[in-house]
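Residue numbers for the sequence shown, in my numbering: 4 to 188.
The beta carbon of each residue, even a glycine, is placed where N, CA and C say it ideally should be.
Data block below; observations after.
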Amino acid sequence: MKKFAIIIVLVMGSIFSVSAQKFAYVDTQYILDNIPEYKMAQNQLDELSKKWQKEIELKVGEIDRLYKSYQTDAVLLPEDIKIQREEEILQKEKELNQLKKKRFGTDGDLFKKRQELIKPLQDKIYNAIQEMAEQRGYAVIFDRAGSLSILYASARYDKSDEVLESMGYSAGEGSGSKSSGGSGR
């Protein structure tokens, strides 16, 4: 019974200490949408992605033509030529997979370009959030845009516009329009 009483006291103490903390949330996607440099970076990434996708599609078309040609000629080809053409097709497929990985893989060109263009903006946002948290005494600031599920959020705790202002931007500069009511996403 004593253990139970001690646990209750500890739980109650932690509840009271948590209730004294200040909390807020921001929507980093909304903030990014209101930064013109983000829009430009996103457009640049989209263009690169389209360019690299076309490059891959050309390789796929080349492999497709080689395979169809092989299928058409296979009956008439000597065994050594068949093997040579099969190896050529396999080599082209291997090159295609390497190109896909190089362009769109986890450490690929698109990832690196995204890091180069977007990471500085994300760092700038993080620094503005950290500065606001320290100045105003927030214990925790949640990101509404992240994987964290916020089922209800009062708009009065949304500090996204304040983060934008502290960075020198105003809402509406980008395509974002803040319409947070009382409910989450």
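Is there at least one Cβ from chain B nearer than 7 angstroms to residue i's Cβ?
{"i": "E137", "result": "Among the chains in the structure shown there is no chain B, since it carries only a single protein chain."}
On the DSSP bridge assignment, give the partners of residue i in chain order.
{"i": "Y73", "result": "Per DSSP, none; premise fails for Y73."}
{"i": "V2", "result": "Any answer about residue 2 is impossible in this case: the structure gives the chain only from 4 up to 188."}
Going by DSSP, what residue range makes up the alpha helix (DSSP H) through residue i?
{"i": "L79", "result": "Segment: none, L79 is in no alpha helix (DSSP H) and carries neither H nor E."}
{"i": "S173", "result": "That residue, S173, is in no alpha helix (DSSP H); it is neither H nor E in DSSP."}
{"i": "D164", "result": "S163 to S169"}
According to DSSP, is residue i part of a helix, a strand, or is it coil?
{"i": "I66", "result": "helix"}
{"i": "N46", "result": "helix"}
{"i": "I38", "result": "coil"}
{"i": "Q24", "result": "coil"}
Please confirm whether residue i and residue j have their CB atoms less than 7 angstroms apart.
{"i": "A136", "j": "I128", "result": "no"}
{"i": "A131", "j": "Q24", "result": "no"}
{"i": "Y28", "j": "Y160", "result": "yes"}
{"i": "K2", "j": "I121", "result": "Because the chain here runs from 4 to 188, residue 2 falls outside it and cannot be looked at."}
{"i": "L167", "j": "I59", "result": "no"}
{"i": "W55", "j": "R106", "result": "yes"}
{"i": "N37", "j": "Y172", "result": "yes"}
{"i": "Y164", "j": "T31", "result": "The sequence given here places Asp at residue 164; Tyr does not occur at that position. Not in contact: D164 and T31 (Cβ atoms no closer than 7 angstroms)."}
{"i": "L93", "j": "K62", "result": "no"}
{"i": "L234", "j": "Y41", "result": "The first residue shown for the chain is 4 and the last is 188, placing residue 234 beyond what the model contains."}
What residue ranges within the region 94-155 form continuous alpha helix (DSSP H) runs of no fewer than 4 residues, ordered along the chain? 112-139
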